[in-house]
Amino acid sequence: MRIMVTGAKGMLGQDLVPILRDQGHDVIPLGRQELDITDRKAVFEAIEHFHPQIVINCAAYTNVDQAEVERDLAYAINALGVQNLALACEDKKCELVQISTDYVFDGTKKTPYRPLDPPNPINWYGYTKLAGEKFVEWHCSRFYIVRTSWLYGKYGKNFVTTILKLAREKECLEVVDDQIGSPTHTKSLSRAIADLIQTGWYGIHHYTDDAGNGISWYEFAQAILQLAEISKKVEPIKTLQLSRPAPRPSYSTLFLTMPAPLWQEELAKFMKA
Ligand SMILES: NC(=O)c1ccc[n+]([C@@H]2O[C@H](COP(=O)([O-])OP(=O)(O)OC[C@H]3O[C@@H](n4cnc5c(N)ncnc54)[C@H](OP(=O)(O)O)[C@@H]3O)[C@@H](O)[C@H]2O)c1
């Protein structure tokens, strides 16, 4: 298939493009320089020019805390940019894959969130991502929304790389143990997306590397250090002690709609590489 990937220079985009190519797809990767999704005219022109069968949108404003400050910019990219893609895809009869987030939920549930559970974002990033989902649902007749969580990969700053960096710099690490969610390797998410686009199972999907009930960031940090064979003390702390600008859901584990590997195995593969 001919697939246009937007936000192709981001952490997910850079893992996704080679995986799609390995599967024989004709991939057009467009970074922000090549296509700014907030430019409606440029979005329509790109789809007209490349005439893809599918657009996979990996472009997003992803700084959760900064989104509280740069509200208009976050909304312009995560909501209006996605609306541009949705309108252009529908106009050109092409499918749209939109990547979304566990942060559309408020975290008050105690069991994994299902795709049709009511979203209720508690931070601005989550609100803008939910708005993006809505535009896709309103404008597109053939779409996949893939919600995921706690991404880490080779091509971006993420929790795994941060913990390894802090372990080198500090005597003791402090990590919150009152936020429960699921880690996801960008490579395994990419494989799941590549499988999904073959199915025609349109609608909202949930994919992470964890088909269980979630883990805390504290547990995740411990697993990272164990695999890296670094013996550093990790102290569990509470979210309130961090006083970050954006509130986070205390529980955001997703009920998966696709088969997933074990997060421990994916993390081990990532650390080995
Ligand atoms: N990271 C996570 O933990 C996480 C969790 C759940 C869901 N997600 C979702 O997963 C997707 C991929 O995230 P990621 O971690 O790969 O994010 P990322 O590394 O921040 O990549 C996002 C990419 O989008 C680009 N971008 C920003 N504004 C753009 C615009 N107006 N037009 C075109 N490109 C633009 C960025 O370019 P610049 O670098 O030049 O700004 C960046 O290359 C996003 O939809 C995100 O919301 C992420």
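If you count the sequence shown from 1, position 257 lands on 279 in our numbering, and the numbers rise without skipping. The beta carbon of each residue, even a glycine, is placed where N, CA and C say it ideally should be. Computed from a prediction, not measured in an experiment: that's the story for all the values here.
Neighbour-count burial assignment, residue 124, 16 or more Cβ in a 10 Å radius
Indexing the sequence shown from 1 puts residue 124 at position 102. Residue 124 should be labelled buried.
What does residue 23 pair with, by DSSP beta-bridge criteria?
Translated into the one-based positions of the sequence shown, residue 23 becomes position 1. Paired residue(s): none; residue 23 is not in a bridge.
Residues near residue 14 in its chain [Cβ-Cβ closer than 7 Å; skip 5 each side]
Within the shown structure, residues of the chain are numbered from 23 to 295, placing residue 14 beyond reach of any answer.
Identify, in the order they occur along the chain, each residue of the same chain with its Cβ nearer than 6 Å to the Cβ of residue 152, setting aside the five sequence neighbours on each side.
Residue 152 sits at position 130 when you count from the first residue of the sequence shown. Hits under 6 Å: 126, 141 and 143.
For the beta strand (DSSP E) holding residue 194, just list the boundary residues, first then last.
Stepping through the sequence shown from its first residue, residue 194 is reached at position 172. It spans 194-198 - the beta strand (DSSP E) in which residue 194 sits, taken as one unbroken run.
Classify residue 86 as helix, strand or coil using the three-state DSSP reduction.
Within the sequence shown, the letter at position 64 stands for residue 86. Residue 86: coil per DSSP, three-state reduction.
Cβ of residue 170 within 6 Å of any heavy atom in ligand 1?
As a working mapping, residue 170 is identified with position 148 in the sequence shown. It does: the Cβ of residue 170 is within 6 Å (strictly closer) of some heavy atom of ligand 1.
In the DSSP assignment, the beta strand (DSSP E) including residue 106 goes from what residue to what residue?
Along the sequence shown, one-based indexing puts residue 106 at 84. No beta strand (DSSP E) contains residue 106, which is instead part of the alpha helix (DSSP H) from 104-113.
Specify, as a first and last residue, the run of the alpha helix (DSSP H) that residue 148 falls within.
The residue you call residue 148 lines up with position 126 of the sequence shown. Segment 146-161, the alpha helix (DSSP H) holding residue 148.
Taking 8 Å as the cut-off, does the segment 213-226 touch the segment 243-259 (at least 3 CB pairs, one atom from each stretch)?
no
Taking three-plus beta-carbon pairs below 8 Å as touching, is the segment 226-243 in contact with the segment 84-97?
no
Helix, strand or coil: how does DSSP classify residue 40 here?
By one-based count along the sequence shown, residue 40 stands at place 18. DSSP places residue 40 in the helix class (H, G or I) of the three-state scheme.
Pop quiz: residue 277 and residue 228 are said to be a contact at Cβ under 8 Å. What is the actual Cβ separation, rounded to whole angstroms?
Stepping through the sequence shown from its first residue, residue 277 is reached at position 255. Stepping through the sequence shown from its first residue, residue 228 is reached at position 206. Confirmed, Cβ separation roughly 6 Å.
Can you determine whether any heavy atom of ligand 1 sits closer than 6 Å to the C-beta of residue 99, and answer yes or no?
For the purposes of this step, residue 99 is taken as residue 77 along the sequence shown, with counting starting at 1. The answer is yes for residue 99.
Using 6 Å as the cut-off, classify the Cβ of residue 148 as near or not near the heavy atoms of ligand 1, replying yes or no.
Counted from its first residue, the sequence shown places residue 148 at position 126. At a cut-off of 6 Å, the beta-carbon of residue 148 does not count as near ligand 1: no heavy atom of the ligand is closer than that.
Is the Cβ-Cβ distance between residue 196 and residue 257 less than 7 Å?
Looking up residue 196 in the sequence shown gives position 174. Looking up residue 257 in the sequence shown gives position 235. The answer is yes: Cβ separation under 7 Å.
Residues of its chain near residue 183, where Cβ-Cβ distance is below 8 Å and the 5 sequence neighbours each way are ignored:
Numbered from 1 along the sequence shown, position 161 holds the residue referred to as residue 183. Hits under 8 Å: 174.
Give the DSSP bridge partners of residue 77, in chain order.
Residue numbering aside, residue 77 sits at position 55 when the sequence shown is read from its first letter. In the DSSP output, where bridge partners are listed per residue, residue 77 has 26 and 118.
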